[in-house]
């Protein structure tokens, strides 16, 4: 298959940033994360124009920016900056910002985000693990916190989405959480992060994915696999991609680049060529859902024409 065969793409997960803003992880020393590796090369501005340069030649018709650890004292500043980027370039069409859902004044924060018409929801990274370097949350009890759950419920009542980033060992708790809030709209990030590939760990991932998929209001982003397999190929990621699609179905699965983080491991076209190759035997309707339809529907995006 050639690039001509790639369906229109609505990239469901990428990041933009300006190094003048306070992204603490981009200014860290050393710039190394347990599983990501050395990320020095992406510690530079990545604007909408850079994203469009990376996607040149591919039929990218829409995209979603997901919060990139902007200044935590001013999370709405990220949404405001992205709105300006969109005014200049048309991208991104959707903005997923940050709010600590346990904050006592979270409603005011969400309302401030929602003043911007491309704002679609929140990602509050919940990754928590005893393995050093794998915890991105302040603690591991958010999903059981009454205060946090009130904020989570508020998202649904405001018509907003939640981007859920967790490890496989947190999936059963997450499945119980989302089952208690059937009006929530949840997107599981990065294929559920199957970070450990031994048989027991993959069984844990599968069972967790099935538990989450049992809730019809949960979708999955098939993305971020380069972070877990730095020398990946279409063949190496094929089993995980196909299993994730099998568990959630094409109507609740969406392809995404995780750029520029996954630029550490490949260029942009290589990612979507791999998705194209892996799904070559799918029906045109299924491929449309995976490459754009699910993301457009989930995030209520208006693609370019």
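Residue numbers (the numbering used here): 1 to 305. Beta carbons: idealized from backbone N, C-alpha and C, even for Gly.
Which residues DSSP lists as bridging residue i, in chain order
i, result
"residue 63", "11"
"residue 273", "DSSP, once it has assigned bridges, lists no residue as partnering residue 273."
"residue 95", "65 and 119"
"residue 5", "Looking at the DSSP assignment, residue 5 forms no beta bridge with any residue, so it has no partner."
"residue 219", "187"
Contact check, residue i vs residue j, beta carbons under 7 angstroms
i, j, result
"residue 23", "residue 69", "yes"
"residue 174", "residue 12", "no"
"residue 165", "residue 125", "yes"
"residue 291", "residue 61", "no"
"residue 156", "residue 215", "no"
"residue 245", "residue 234", "no"
"residue 96", "residue 123", "yes"
"residue 247", "residue 200", "no"
"residue 148", "residue 101", "yes"
"residue 64", "residue 94", "yes"
"residue 224", "residue 258", "yes"
"residue 185", "residue 150", "no"
"residue 209", "residue 192", "yes"
Nearest-angstrom Cβ-Cβ length linking residue i and residue j, presumed shorter than 8 angstroms
i, j, result
"residue 228", "residue 195", "5 angstroms"
"residue 152", "residue 181", "6 angstroms"
"residue 66", "residue 15", "6 angstroms"
"residue 206", "residue 251", "About 20 angstroms; that fails the 8 angstroms criterion."
"residue 307", "residue 232", "Given that the chain is displayed from residue 1 to residue 305, the structure contains no residue 307 and the question cannot be resolved."
"residue 37", "residue 230", "6 angstroms"
"residue 92", "residue 118", "7 angstroms"
Three-state class that DSSP yields for residue i in the structure shown
i, result
"residue 101", "coil"
"residue 296", "helix"
"residue 17", "strand"
"residue 188", "strand"
"residue 255", "strand"
"residue 76", "helix"
"residue 224", "coil"
"residue 164", "strand"
"residue 108", "helix"
"residue 130", "coil"
"residue 33", "strand"
"residue 113", "helix"
"residue 44", "coil"
"residue 278", "helix"
"residue 27", "helix"
"residue 268", "helix"
"residue 82", "helix"
Range of the contiguous beta strand (DSSP E) that encloses residue i
i, result
"residue 180", "That residue, residue 180, is in no beta strand (DSSP E); it is neither H nor E in DSSP."
"residue 151", "Taken as a continuous stretch (DSSP letters only), residue 151 belongs to no beta strand (DSSP E), being part of the alpha helix (DSSP H) at 146–157."
"residue 262", "Neither: residue 262 is in no beta strand (DSSP E) and is coded neither H nor E."
First and last residue of the uninterrupted alpha helix (DSSP H) at residue i
i, result
"residue 201", "199–213"
"residue 122", "Residue 122 -> not in any alpha helix (DSSP H); beta strand (DSSP E) instead, spanning 119–123."
"residue 304", "Per DSSP, residue 304 belongs to no alpha helix (DSSP H) and is neither H nor E."
"residue 52", "48–55"
"residue 247", "234–248"
"residue 285", "284–288"
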